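According to the UniProt record's numbering, the sequence shown is numbered sequentially starting from 1.
Every residue, glycine too, gets a C-beta built ideally from N, C-alpha and C.
Quick caveat, the model's predicted, so the values are computed rather than measured.
Each remark here refers to the structure printed beneath this line.
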Amino acid sequence: MELDNVSFKYGNGWVLRNVSFDVKKEEIVGILGPNGCGKTTLLRLVYKALNPQKGGIRLFGKDSISRKEVSKRIGVVPQREISNIPFTVLEIVMMGRYQKSKGISFEVREDVEIVNDIIKQMDIYHLTKRYFANLSGGERQRVLIARALAQEPEILLLDEPTSHLDLKHQMECYSILKSLNTQKKLTIIVVSHDINLASEYCKSLILFKEGSLYIQGEPSDVLTSENIREVFGIDALVDKNPCSLRPRITLIEKKGEGLNYRTA
């Protein structure tokens, strides 16, 4: 995937300005930045929910690609989903197979087997008969991830996939993504506010500031005290996680002459 000088605006306000970067096949890439810097808009441009006013996006080696092909090859886990839809969890996840159906046939044996495997993998088997509208925020998020995975995409886009998950399921979610990346060669792009989780699991990070790409690179190059201060406007201690040796961020809160530390 390649972005070449992509710009987008809502009305008169530019949300993204001259954004250029590429994502290599089979990478896990994290997109970081403050609220309102264009991260979600960027994902919507990639899966063609929006079109850039300037620049272009090259997908799967093609300068032009139809929305139909995008819907077959790119899976999306949105930040928000309509919560009162009258479907069970099993029905929601099965919808991920729709784009793979041939002709009028749908929900064949292969679909059922794939969906069952994903449901078990995402630890939502006990929810299959419940209605989506009756789930907690964290449960809904796991169901939406399962729906996207059931699609068997080549690229998976996730917008804050762990925002409603508890610690256990945050770790499990990223572990599943890493496993899919390794075993199924899935390219994954994830928007996240959890800098430390992104550091642990992403091969490459892209840091945005005010609608522009500030820096792209490996976590050790992107996550520096200077970059955190410049982009987020806060002081942070950056050291290494003693287990993984990946960068670890601890926020520094100044009070009087003393310092208080908070994990990012």
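Starting from serine 175, follow the alpha helix (DSSP H) in both directions and report where the run begins and ends.
167-183
Boundaries of the beta strand (DSSP E) in which alanine 236 is found, first to last residue:
235-240
Shortest alpha-carbon distance to asparagine 35 belongs to which of Arg229, Val108, Gly211 and Asp239?
Gly211
Which residue or residues does DSSP assign as beta-bridge partners of valine 29?
Ile189 and Ser204
Thinking C-beta only, is glutamine 79 closer than 9 angstroms to valine 6?
no
Inter-residue spacing [alpha-carbon to alpha-carbon] between isoleucine 18 and glycine 55:
Checking the sequence, you will find asparagine at residue 18 rather than isoleucine. Cα to Cα, the separation comes out at about 7 angstroms.
Please classify aspartate 159: is it buried, with 16 or more other beta-carbons within 10 angstroms of its beta-carbon, or exposed?
buried
Quick check: phenylalanine 87 and arginine 73, are their CB atoms within less than 9 angstroms of each other?
Taking 9 angstroms as the cut-off, the beta carbon of phenylalanine 87 is found no closer than this to the beta carbon of arginine 73.
Spatial neighbours of isoleucine 118 in its chain, beta-carbon cut-off 7 angstroms, leaving aside the 5 residues before and after:
Val93, Ala146, Leu149 and Ala150
Can you tell me whether glutamate 107 is helix, strand or coil according to DSSP?
coil
Could you give the residue range of the alpha helix (DSSP H) that holds valine 46?
39-46
Using alpha carbons as the reference points, say which of His193, Glu113 and Pro52 lies closest to histidine 164.
For histidine 164, the nearest C-alpha among the options comes from His193.
Where does the unbroken beta strand (DSSP E) through valine 15 begin, and where does it stop?
13-22
Under the three-state DSSP convention, the category isoleucine 114 falls into
helix
Given aspartate 4, which residues of its chain have a CB within under 8 angstroms of its CB, disregarding the five upstream and five downstream residues?
Ser20, Gly55, Gly56, Ile57 and Arg58
Collapsed DSSP secondary structure at glutamine 151 in the structure displayed
coil
Alpha carbon to alpha carbon, what distance is there between tyrosine 131 and alanine 198?
31 angstroms
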